[in-house]
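> Before I ask anything, here is the structure I am working with.
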Amino acid sequence: MLRNVTDDRAKREQKLASNFDKPTVRELRKRLKRAASELNIPQGTEPLRVALRLVAELGQDEAPLTEKVLHQYRIAGKRARYIAELAGDNPQAQSVVEQLKLMQDVIGDWHDSLKLTKRAEEMSGGVVDSGLVAALRNVTRAKFHRAFEVLINTRAALSGKKPISAVASTARRSSGRVKSQAVAA
């Protein structure tokens, strides 16, 4: 399995490198310059306020926390972080950026583990008795719970509320909002 994963990574690295030939890089630079020149940020816009509003909007739809939704939180958190970074040396903005980076990292770690688990399941041919797959599922499940806890605490911290303990938040959401089968069952 390790050899297959290593081979896959090497192939992807080669493909990535070949996709960045000189004409492609030149075209990307041109597009970036054009996008930067067309960027219009209204006078008086406060990046930190915009970023905090984006974070506050996370989860307002009360959707069940599935793999897809958790990954969407990571993407939204990344956008909010990039906006907060525009605030520069503002200490509050730097704190927000650090919290959002932690959230991204933890959710990203879970997502990587999920992908590895799925790959191991494919490679084992769906063998139910695979010790490796069982161990990966357990690790992925633990990382999901950690990502959920960090997400809840990040949202609470950035909204000015006290962080919620993982036990309380899990109990509160277990009334049907968290789909445990989405945890790589």
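Just so you know, the numbering used here puts 110 at position 110 of the sequence shown, and the rest follows in order with no gaps. Ideal Cβ positions, reconstructed from N, Cα and C, are used throughout, including at glycine. Just so you know, these numbers come straight off a predicted model, no measurement behind them.
1) What three-state label does DSSP hand Leu65 in the structure shown?
2) Could you have a look at Asp129 and say whether DSSP puts it in helix, strand or coil?
3) So, are the CB atoms of Lys143 and Leu100 less than 9 Å apart?
4) Let me confirm a value: Gly77 is counted as buried when at least 16 other C-beta atoms fall within 10 Å, else exposed. Which label applies?
5) For a quick check, are the C-beta atoms of Glu85 and Pro47 less than 9 Å apart?
6) So, under 8 Å CB-CB, Val120 and Leu136 are touching, yes? Tell me the CB distance rounded to an integer number of Å.
7) Using the rule of at least 16 other Cβ atoms within 10 Å of the residue's Cβ for burial, across every protein chain shown, is Ala51 buried or exposed?
8) Note down, in chain order, each residue of its chain lying with its Cβ closer than 8 Å to the Cβ of Pro91, except the 5 sequence neighbours on either side.
So, from the data block:
1) Locating residue 65 in the sequence shown gives position 65, where the first residue counts as 1. Secondary structure of Leu65 (DSSP, three-state): strand.
2) The residue given as residue 129 occupies position 129 in the sequence shown. If DSSP states are grouped into helix, strand and coil, Asp129 belongs with coil.
3) Here residue 143 corresponds to residue number 143 of the sequence shown, with the count starting at 1. Here residue 100 corresponds to residue number 100 of the sequence shown, with the count starting at 1. In this structure, the beta-carbon distance from Lys143 to Leu100 does not fall below 9 Å.
4) Reading the sequence shown from its first residue, position 77 is the one you call residue 77. Residue environment analysis places Gly77 among the buried positions, since at least 16 neighbouring C-beta atoms fall within 10 angstroms of its C-beta.
5) What you label residue 85 is simply residue 85 of the sequence shown in a count that begins at 1. What you label residue 47 is simply residue 47 of the sequence shown in a count that begins at 1. Yes, Cβ-Cβ distance for Glu85 and Pro47 is below 9 Å.
6) In the sequence shown, residue 120 corresponds to position 120, counting from 1. In the sequence shown, residue 136 corresponds to position 136, counting from 1. Residue identity differs from the one stated: residue 120 is Ala in this sequence, not Val. Indeed they touch by this definition, with Cβ atoms about 5 Å apart.
7) In the sequence shown, residue 51 corresponds to position 51, counting from 1. Buried, by the Cβ-count rule.
8) Here the question's residue 91 lines up with position 91 in the sequence shown. By the criterion of a C-beta distance shorter than 8 Å, Pro91 is surrounded by no residue of its chain, once the five residues flanking it on both sides are discounted.
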